[in-house]
Amino acid sequence: MKSLLATLALTTALTLPGLAMARPVTLTTTLNNYGGDGAYLALYVTDASGAYVGSLWMAGGKSKYYEHLSDWYRATGGDTAQVNGITGASVGAGRTLEITLDLADALFDAGYTFHIDAAVEDMRDSPNEVAVPLTTNGAGTPVTGRRYIASFAYDM
Amino acid sequence: MKKTLTLLVASTALTAAIGVPAWSAMQAPSDVLRPVAALFDDAPQAIPLVLASDDDDDDRWRDGSRRGHDDDDDDCDDDDDDDDCRGGARSPAPAGSVAPPQNGLFGTGAPPQVQVN
């Protein structure tokens with residue numbers, strides 16, 4: 000009886016925290032009317048030392064253009080496995096890309112930085128267009144990109 | 000004692016009831032889930048994802064400002080629709096077709112939802 004009780008207590012203790020280890024986070028990126036074709040965007044995360052941790056989204060499906068997302072490309076070597084299952088279409092000028100992802104809680108308030116590299120055909124590449132620390136306090140605060148991104152914000 | 004036991008059994012059963020279907024759903028092929036998921040997706044979410052595809056052409060990227068990436072000597076400039084010009088690198092699997100990468104950033108919950116306005 001005691002062992003059953005212990006087992007049940009253990010399974011409950013192990014399982015319930017798992018339900019609270021991730022949260023839905025919405026990443027909203029609005030592009031300027033820059034007057035060009037659809038933008039390729041690489042959304043990725045670096046750790047406190049600046050080392051690449053992983054990708055969150057790739058807007059643009061053709062890997063032959065990924066070299067123009069130069070910081071992301073340098074960090075990953077253009078490895079498309081990094082964005083398998085998290086790749087969508089490129090984003091047109093003036094459009095808003097809204098992505099909702101189930102992200103690990105450990106990403107927030109732990110020194111991680113969120114980045115966006117951007118590139119547009121026939122226009123200048125824009126690595127590190129956006130770089131924002133991932134903090135719970137920073138949620139909902141829009142930031143402006145350097146060239147193509149009018150605003151970016153994440154909401155939890 | 001019985002009350003505690005009852006509570007633990009109930010909480011375990013509840014957790015299993017939530018967790019097992021979720022786990023099964025994650026393991027199932029996306030094609031299996033798609034008809035079910037479609038019931039919960041509203042149209043404005045699904046349609047822009049298709050319409051936003053601005054990269055269907057095979058236009059050349061002429062950003063020669065930093066890499067001398069001109070139009071004439073790039074093997075990627077052919078008119079076919081393959082994407083294997085970067086050392087054989089293939090284009091990534093689109094969202095929804097496979098699970099996101101196990102890079103430690105994602106939880107084990109819902110697949111990515113995307114919308115372009």
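So the sequence lines, in the order shown, correspond to chains G and A. Under numbering that gives the first Met the number 0, the first residue of the first sequence is numbered 0, with each subsequent residue one higher. Under numbering that gives the first Met the number 0, the first residue of the second sequence is numbered 0, with each subsequent residue one higher. Every residue gets a Cβ at the ideal spot worked out from N, C-alpha and C, and that includes glycine. In this text, all values refer to a predicted model and were calculated from it rather than measured experimentally.
Item                                                                                                        : Value
Anticipated Cβ contact below 8 Å, V44/G with Y111/G, distance rounded                                       : 5 Å
Residues bridged to G35/G [DSSP beta-bridge criterion]                                                      : Answer is none; G35/G lacks a bridge partner.
G34/G, buried or exposed, once every other Cβ within 10 Å from all chains shown has been counted against 16 : exposed
Minimum Cβ-Cβ distance from T107/A to chain G less than 8 Å                                                 : yes
Element boundaries [alpha helix (DSSP H), containing S69/G]                                                 : S69 to T75
CB contact check: M57/G to chain A, cutoff 8 Å                                                              : yes
When Y39/G, Y51/G and A130/G are compared against N102/A, the one with the closest alpha-carbon             : Y51/G
Interface residues of the region 29-58 of chain G facing chain A [CB-CB below 8 Å]                          : D36, G37, Y39, V44, V52, G53, S54, L55, W56 and M57
Interface flag, R146/G vs chain A, CB-CB below 8 Å                                                          : no
Inter-residue Cα distance where the pair is V29/G and A105/G                                                : Strictly speaking, residue 29/G in this sequence is Thr, with Val absent from that position. For T29/G and A105/G, the distance between alpha carbons rounds to 26 Å.
Local Cβ density within 10 Å of K187/G, reported as buried at 16 or more and exposed below that             : Lying outside 0 to 155, the shown extent of chain G, residue 187/G is not represented and no answer is given.
Neighbour-count burial assignment, R94/G, 16 or more Cβ in a 10 Å radius                                    : buried
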